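Reading through the structure tokens given below for one structure.
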Amino acid sequence: MSDADSPKASSTEPPETTPSSPPSINREELMSRARSFLHSPQIQHEDANSKHRFLAEKGLTDSEIDVLLRELPQQAPVIPPRTYPQPPPSNLPNLLLGICRLFSWLAGGSAALIFIYYRFLLPRITQSFMARQSLKAHHLSLLRNLTTSLAGLKETQSESLSVLPRLSLYREPASFAACHSVTEVLATMGEKSPSFRDIPSVTLLRCAIEDLNNDGRIDETTTEAIFRYLQERTPQLFAEERLGFERELWETLSTCPLFSRIPVQSSRSVSPQENEGVEATIRWTYTPPKPTDPSPLLKSLDGLASSLPGGVKLRTSAFQHTLESVSDLTGYLSTQVYLPYRPPPGMGLHNSGNLSPAEEDLRREIRALKGLVLNRRSFMPSIPRPTSQNIS
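Numbering (our numbering), first residue to last: 1204 to 1595.
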């Protein structure tokens, strides 16, 4: 028990009795006072040792003190005060500072990127875009010019080709046009090439019709007779690709304007009922193509060719190479003669004119060219000129 509580207890308690005090002091009164002392609120929270020691000092025996302490109500164990650690300082300022730093970095980086973009990238992008646009416009202009040129070329070509003779689709080569029978055609092919597929269909049909006409079988120039005659004369052609070759011959015979069909009338009288079921016989004839007139260009070329004198040749000399060498030497000497005098650089004299090297080279080239022109005229060979004639 503390010293502050001792005066209070001594003030409330009776004066301490000494052993020499008379036994007339009532122990009951001392017990009651000690009991009221122990039940006071100030003493209840003290520990049992302090209470025992204080009561022993007041003259109570150990047995009485134990009885008094046993009479006290059971107290809950003293719970030490709960202590909490000091809360850490708030992290909000650091958080705000970090956010400010982050935004400042973002703003600085964005500003740097925008500066780099507008300062370096945007001009190049703009230049490349403009270059692409100009290149595209140039390509479009070239394409337009090409289209215009092609259109003009087509017009000019059509105008130029209009005066030229047109090539016929059924024109025969000169070697086959001279043949008038299938035998001559086969002989011509035997001399040139062993491939009988190179014979034009027009030639075969024409020669077959001429052979039938020469044999006196004019009425037999029908389709069946022509094909039968060709099969007899040229079995190798029909043996290779019979169906394809026969189809080609039929298309030529039916589409070529040089072959005309003539229906044959029967000599005996046939009733109309019988004539309905009988097909009319068709005879084929060959009409030679009309010779085409030469174009104005060919006429002009023929006229010019006829007006030129024939047999005129330039006279060449055996010493032509020598003459050329002498003319080259003369030209070189002339260039050296016409050059102004220049003293050597070691003489200490300076040139008369203050001309640059480019001007000196130009003057030297002019002098050389003049010398060549003046000297070549004297060594040119005489070329005979034809007499003028009237061009028909």
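Don't be surprised by glycine CBs; every beta carbon is placed ideally from N, CA and C. Everything numeric in this text was worked out from a predicted model, so none of it was measured.
query, result
"Pro1403 versus Asn1417, Thr1455, Asn1416 and Ser1352, residue with shortest Cα-Cα distance", "Thr1455"
"Burial state of Tyr1320, where buried means 16 or more other Cβ atoms lie within 10 Å", "exposed"
"Minimum length 3: unbroken beta strand (DSSP E) runs contained in the segment 1229–1269", "none"
"His1242 and Leu1275 closer than 9 angstroms at C-beta", "yes"
"Beta-carbon proximity list for Arg1436, same chain, < 6 angstroms, skipping 5 on both sides", "Val1385"
"At least three beta-carbon pairs within less than 8 angstroms, the segment 1403–1415 to the segment 1377–1384", "yes"
"C-alpha gap between Leu1575 and Glu1562, whole angstroms", "20 angstroms"
"Ser1498 (DSSP reduced to helix, strand or coil)", "coil"
"For Tyr1489, the residue or residues it bridges with in DSSP", "Phe1462"
"Alpha-carbon spacing of Glu1375 relative to Leu1338, whole angstroms", "53 angstroms"
"6 angstroms Cβ shell around Ser1313 - same chain, five flanking residues per side excluded", "none"
"Neighbour-count burial assignment, Met1392, 16 or more Cβ in a 10 Å radius", "buried"
"Under 9 angstroms between C-beta atoms of Trp1487 and Leu1389", "no"
"Alpha-carbon to alpha-carbon, Pro1283 and Glu1267", "31 angstroms"
"Neighbourhood of Ser1307 by C-beta, 7 angstroms cutoff - its chain only, sequence neighbours within 5 removed", "none"
"Exposed unless 16 or more other CB atoms sit within 10 angstroms - verdict on Pro1225", "Low local confidence applies: a pLDDT of 44 at Pro1225 is under 50, so the model's placement there is unreliable, and no value is given."
"Reference Tyr1489; option with closest CA among Glu1568, Ser1463 and Leu1504", "Ser1463"
"Strand pairing of Thr1425, partner residues [DSSP]", "Arg1486"
"Host alpha helix (DSSP H) of Ile1412 (start-end)", "Ser1404 to Asn1417"
"Validate contact between the segment 1522–1538 and the segment 1566–1574 using beta carbons, cut 8 angstroms, 3 pairs", "yes"
"Where Asn1348 sits in the DSSP three-state scheme", "helix"
"Reduced DSSP secondary structure (H/G/I, E/B, other) of Glu1375", "coil"
"Neighbour-count burial assignment, Lys1254, 16 or more Cβ in a 10 Å radius", "buried"
"DSSP-derived helix/strand/coil call for Tyr1321", "helix"
"Inter-residue Cα distance where the pair is Ile1485 and Pro1466", "4 angstroms"
"Inter-residue spacing [alpha-carbon to alpha-carbon] between Ala1377 and Leu1433", "22 angstroms"
"Under 9 angstroms between C-beta atoms of Phe1430 and Glu1451", "no"
"Local Cβ density within 10 Å of Leu1258, reported as buried at 16 or more and exposed below that", "buried"
"Whole-angstrom C-beta distance between Leu1263 and Ala1596, which should lie under 8 angstroms", "No answer is possible for residue 1596: it lies beyond the span of the chain, which begins at 1204 and ends at 1595."
"Nearest to Asp1265 (by Cα), restricted to the options Gln1245, Asn1294 and Met1234", "Met1234"
"Straight-line gap, Thr1322 to Asn1294 (C-alpha atoms, nearest Å)", "Checking the sequence, you will find Arg at residue 1322 rather than Thr. Distance between the alpha carbons of Arg1322 and Asn1294 is about 41 angstroms."
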